[in-house]
Structures are given as structure tokens and as C-alpha cells.
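K.L.:
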Amino acid sequence: MAFDFKLSDLKFGGEKAKPAASEQAPMTAAEEAWDLAKTVFYAVAIALVLRIVIFQPFNIPSGSMKPTLQVGDFLFVSKPTYGYSRASLVYPLTRMDVHGRILSSSGPKRGDVVVFKARKDGNKDYIKRVIGMPGDRIDMVNGVLHINGEPVKKEFIGMVDDDCDQFRQVQAPQYRETLPNGVSYIVQECAGDEGNLDSTGTYHVPAGHYFMMGDNRDRSQDSRTPQVLYVPAEDIVGRAERIFFSVDGENTQIWQIWKWPFAIRYGRIFDPVR
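The opening residue of the sequence shown carries number 810 in the working numbering; numbering runs sequentially from there.
#1: Taking the CB atoms as reference points, tell me whether Y1039 and V1014 lie closer together than 8 Å.
#2: With P866 as the anchor, note down where its beta strand (DSSP E) starts and where it stops.
#3: Ignoring anything shorter than 3 residues, give me the beta strand (DSSP E) runs that lie fully in the segment 889-946, in order along the chain.
#4: Could you check which residue in V922, R928, I869, Q1030 has the C-alpha nearest to that of T890?
#5: In whole angstroms, what is the alpha-carbon distance linking A1000 and P866?
#6: Do E998 and D1027 have their CB atoms nearer than 8 Å?
#7: What is the residue span of the beta strand (DSSP E) that F1053 lies within?
#8: For I1052, is the classification buried or exposed, using 16 other Cβ atoms within 10 angstroms of its Cβ as the cut-off for buried?
#9: Is F885 closer than 8 Å to N868 when the C-beta atoms are compared?
#10: Hey, quick one: how far does the alpha helix (DSSP H) through P1070 stretch, first residue to last?
#11: By DSSP's criteria, V950 is part of a beta bridge. Which residues make up the other side?
#12: Evaluate I947 with the Cβ neighbour count: other Cβ atoms within 10 Å of its Cβ, from every protein chain shown; 16 or more gives buried, anything less gives exposed.
#13: Let me check understanding here. Comparing Cα to Cα, which of Q1062, N1060, S1029, K1068 lies closest to P876?
#14: Taking Cβ positions, are H1018 and A1049 nearer each other than 8 Å?
#15: I believe M874 touches N1025 by the beta-carbon criterion, under 8 Å. Please report the beta-carbon distance rounded to the nearest angstrom.
#16: Roughly how far, in whole angstroms, is the beta-carbon of V924 from the beta-carbon of E1059, given that I think they are within contact range, below 8 Å?
#17: Whole angstroms are fine: how far does the CA of A896 sit from the CA of G872?
#18: Mapping DSSP to helix, strand and coil, what is K847?
#19: Where does V1014 sit, in a helix, a strand or coil, going by DSSP?
#20: Suppose the cutoff is 6 Å on Cβ atoms and the five residues either side in sequence are ignored; what does the same chain contact list for I1073 look like?
#21: Please report the distance separating the alpha-carbon of A839 from that of L845.
#22: Just verifying my parser: in three-state terms, what is the DSSP assignment at I1063?
#23: If you count every other CB in all the chains shown that lies within 10 Å of the CB of S831, and 16 or more means buried, which is it?
#24: Spatial neighbours of L878 within its chain, please: C-beta separation below 6 Å, excluding the five flanking residues on both sides.
#25: What residues are listed by DSSP as bridge partners for K962?
Shown next as C-alpha cells:
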């Protein structure tokens, strides 16, 4: 007579055999609902912490930063880069009566692309490039940027099609601009537009403030206008880091998913913002 004996069949100390997985009682509807609620809660909590502390998503609604940023770009803004201030918090923490920045190891550098709150425009989020540092003198002379009396290097690149006059496509000149610290980027102008933004008086940037400009020089509401002027350091949300999604915002709304295969700018996804 043969015996099929396994050590695992022995039960010691009154141990009760555990039911097989197939014998476990199924979850009730209430338990499933609670399990789902916990999952959603943890996901929301993690997303909220990331948004408050590390990265905040923004989208580009206008062409003021062309060609660097396009309408329909979605990007992440880093908050720890410059430390934290009331502007970098989320509602209702933004209503706290605090001033300055905390946990800040360094401030914005000339040429950084940053998001800030425009106090004179209802605290709306603006995204521009840092041009003037505290104590700088900034001028625009016949379309040429001057910093502390010195013209910034500006090289013609070529012409592109753009809707400068808002009614039809026209040829717009682009230039490569190089700041004194070596940061280089492309700016765009509207041919024949010799408005107040091309020739200004001298701006003296106060201590603790920055002078911001859009790369689309003739179509940007920035520190050259009274709606923005000088931006306090504590109004800066963070530095633009990387594009995570991009769709042709001129002709497609983000909710028009059926247009995405033809409207997504695949070549811009994951591009750094420089």
C-alpha cells in the first residue's frame, strides 16, 4: 500500500488550515467601493502634493512667447528651483499674508523662462523671459534690446509665416538674441510694426524685482507695458522646464480628441524650455 505524504500536510499547535484562494469570500459591494475610494484618495493626494511642492502644469493660451512656446503647448513649471512664495502655493494658501521666498538657494537667472502672477492684471498667470535683473537699466532702441547701456547681440535668421495682423498670414522676421551671460534664443517681430514696444524710455529695475519680456516682441504684454512693469521676486511661481504635450491650439481645442492624431505636435513633446 502506497502513501502520498507531504510535510506540509502536518498541522502543529492547533493551526487551522488557510482556505484556498478560490475559497475566500468575494468582496462585498461596500468593500469594493471603499477600496476604490482609497485608491482615488491616494492618487489625488499624491498629485496635490506634487502640484504644491514640485511641478505645476500650465498651458500656453497666446502667442506672446513665439517661437519658443506655441499656443497649445502644455508644460511643467518647477517650483523648488527658486524656492517657495505665496505665488507658488495653491488656493487657499495663496491668501496667506506672507512675503518673500523660503527655501530659496538661488533666484531667477537672466534668460530663464518663468511663470509669474501679474498683480496689475488680476493676478493672472503670465509666462515670459527674464531680461532685466535687480538694478539693471533696460531700453529698447529701434527694436534692439539694450541692457545697462549696451546693445544685446541680435542676428537675423530668416522670415516665417505668422498672423501678425490677426487677419492674414504675413512674413515675420526672426532673430537670434544673445544675452550678456551667453543665453541665446530666437525672438520674432512683426515687419513694419514700429510701435511703442520697439523704442522705449529707460527702465530702472528696482531691488527685488525683475524685468520680463516675451520672445514675440511686438505681440507681448510684458514689463514694457503698465499692465505688468517690474515683477517682484515673490510673485514668481517657478521656472518653465519641459513641454509634456502640444496640440495645434490655433485650430484645435484640447477637448476635441478626434482631431488629436492630426493636431498633436509630436516633435515638441518632451522638449526642454530654453
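A virtual CB, placed ideally from N, CA and C, is assigned to each residue, including glycine.
P.N.:
Quick answer:
#1: yes
#2: 864-868
#3: 922-927, 933-941
#4: V922
#5: 33 Å
#6: yes
#7: 1045-1055
#8: buried
#9: no
#10: 1069-1072
#11: V953
#12: buried
#13: S1029
#14: no
#15: 6 Å
#16: That belief does not hold up - the Cβ atoms of V924 and E1059 are roughly 21 Å apart, past 8 Å.
#17: 23 Å
#18: helix
#19: coil
#20: V1056
#21: 10 Å
#22: coil
#23: Its pLDDT being 49, under 50, S831 is placed unreliably in this model, and the coordinates cannot settle the point.
#24: I869
#25: T987
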